[in-house]
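In what follows, a structure is listed as structure tokens, so that the remarks can point back to it.
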Amino acid sequence: MNELDLIQQLREGDEHAFKTLVESYQDLVYNTALGIVQNAEDAEDISQEVFIKVYRSVHTFKGESKISTWLYRITVSTALDLLRSRKSKKRFSFLQRLFGDNNEPLQEVPDFNHPGVALDQKENAARLFKAINQLPENQKVAFTLHKLEDLSYQEISEVMKVSVSAVESLMHRAKQNLKKILEKDNEE
Amino acid sequence: MNKKKPIITNEILNSLSDIRRAKAPGFFYTQLRARMENELSVGRQGKRIWKPLLIISGFVIILVLNGWVLYNNRGRGAGSDVNGYDKFQIVANDYRINNFLPVDLNQ
Chain B
3 MNELDLIQQL REGDEHAFKT LVESYQDLVY NTALGIVQNA EDAEDISQEV FIKVYRSVHT
63 FKGESKISTW LYRITVSTAL DLLRSRKSKK RFSFLQRLFG DNNEPLQEVP DFNHPGVALD
123 QKENAARLFK AINQLPENQK VAFTLHKLED LSYQEISEVM KVSVSAVESL MHRAKQNLKK
183 ILEKDNEE
Chain H
145 MNKKKPIITN EILNSLSDIR RAKAPGFFYT QLRARMENEL SVGRQGKRIW KPLLIISGFV
205 IILVLNGWVL YNNRGRGAGS DVNGYDKFQI VANDYRINNF LPVDLNQ
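Residue numbers (our numbering), protein chains in the order written: chain B, 3 to 190; chain H, 145 to 251.
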């Protein structure tokens, strides 16, 4: 079944087409979400949310881009939304602690271990993921899509709706920032 | 020591070069369908329950506000003070605007 047929059947509410879509793209969505939020439970939750959004908004998909590009976009925005809401909650709980409303200590985020990393690289990868977490949003997205999903700069530019040169610049800055963060970590 | 630092950093940066794609958890589709059905049924039930609830609570709020206004205005009468004077009359007397005619009609 080609993409246009699949989309057409999805628009008609075909249950089988939806199952085909989910089974074809669930790993793509899950892996992307996992790379951004760095938590398996959250990534699963986001993946489900992505497919629910797809189910509800398939009639708005014009078919100008590939399904995968569309899915990457929804996944990235859903994952970033979750991170933003977590950040604002964290800030709020910090303020609560500051004013003595909430005396619970802030939870330390545990090291993230991606299941696809080779055993001998686990420790280094955990350090890298920790550093990736400190990057600005768009650098994090570009770097994650390139490293975890093996997307080319051209594909990333389509997902992020920016030019290829903008992606090149994002990747360059991401690498520079990661180097700085890791070197600082090494010194400590 | 200084030479070692960039080597370690580069090693860390290259640690994702052979990464494999993480697989979605088992029974992903089944769990997704369950969540969708649950959300849809909750949505439907929610609409069924919330619509009349909203209407009823709207009426209750209006009644409570009415009651509150009436309670606060009890004993004041409809625009008259205790001596039976109309509020407007008092204001008019204060500012002498009830004698605005240049000619006294009684003369």
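Quick reminder that beta carbons are idealized off the backbone N, C-alpha and C, glycines included. None of the values given here were measured: they were computed from a predicted structure.
For R177 of chain H, the closest C-alpha among the options B:V31, B:L36, B:Y57, B:A128 is that of B:Y57. Take A144 of chain B, set aside five residues on each side of it, and the residues of its chain with a beta-carbon closer than 8 Å to its own are I158, M162, V169, L172, M173, A176, in chain order. Residue burial annotation: L209 of chain H is exposed, with fewer than 16 other C-beta atoms found within 10 angstroms of its C-beta. Sequence-distant partners of A81 of chain B (beyond 5 residues in either direction) whose C-beta falls short of 7 Å from its own C-beta, in its chain, are A35, I38, V39, I48. The C-alpha of E160 of chain B is placed about 8 Å away from the C-alpha of V166 of chain B. The DSSP-derived three-state label of H18 of chain B is helix.
Just measuring C-alpha positions, the residue of H:P150, H:I156, H:L160, H:I151 sitting nearest D152 of chain B is H:L160. Under the 8 Å criterion on CB atoms, N179 of chain B is classed as non-interfacial with respect to chain H. Taking a contact to require three or more Cβ pairs closer than 8 Å, the region 8–26 of chain B and the region 130–142 of chain B do not qualify as touching. Proximity of chain H to E46 of chain B at the Cβ level (cut-off 7 Å) is accounted for by P169, in chain order. Annotation: the continuous alpha helix (DSSP H) that includes F145 of chain B extends over 139–150. Around the beta carbon of T77 of chain B, a 10 Å sphere encloses 16 or more other beta carbons of the protein chains shown; the residue is thus reported as buried. Neighbours of E155 of chain H in chain B, taken as residues at a C-beta separation under 7 Å, are given in chain order as N126.
Spanning the alpha carbons of F114 of chain B and N41 of chain B requires a straight line of approximately 7 Å.
For R13 of chain B, the nearest beta carbon of chain H is not closer than 8 Å to its own beta carbon. Interface annotation, F53 of chain B: in contact with chain H, CB-CB separation under 8 Å. Ranked by Cα distance from D83 of chain B, the first of B:E51, B:S59, B:S67, B:Q178 is B:E51. In the structure shown, the three-state DSSP call for P112 of chain B is coil.
In the three-state reduction of the DSSP assignment, Q11 of chain B falls in the helix class, which pools H, G and I.
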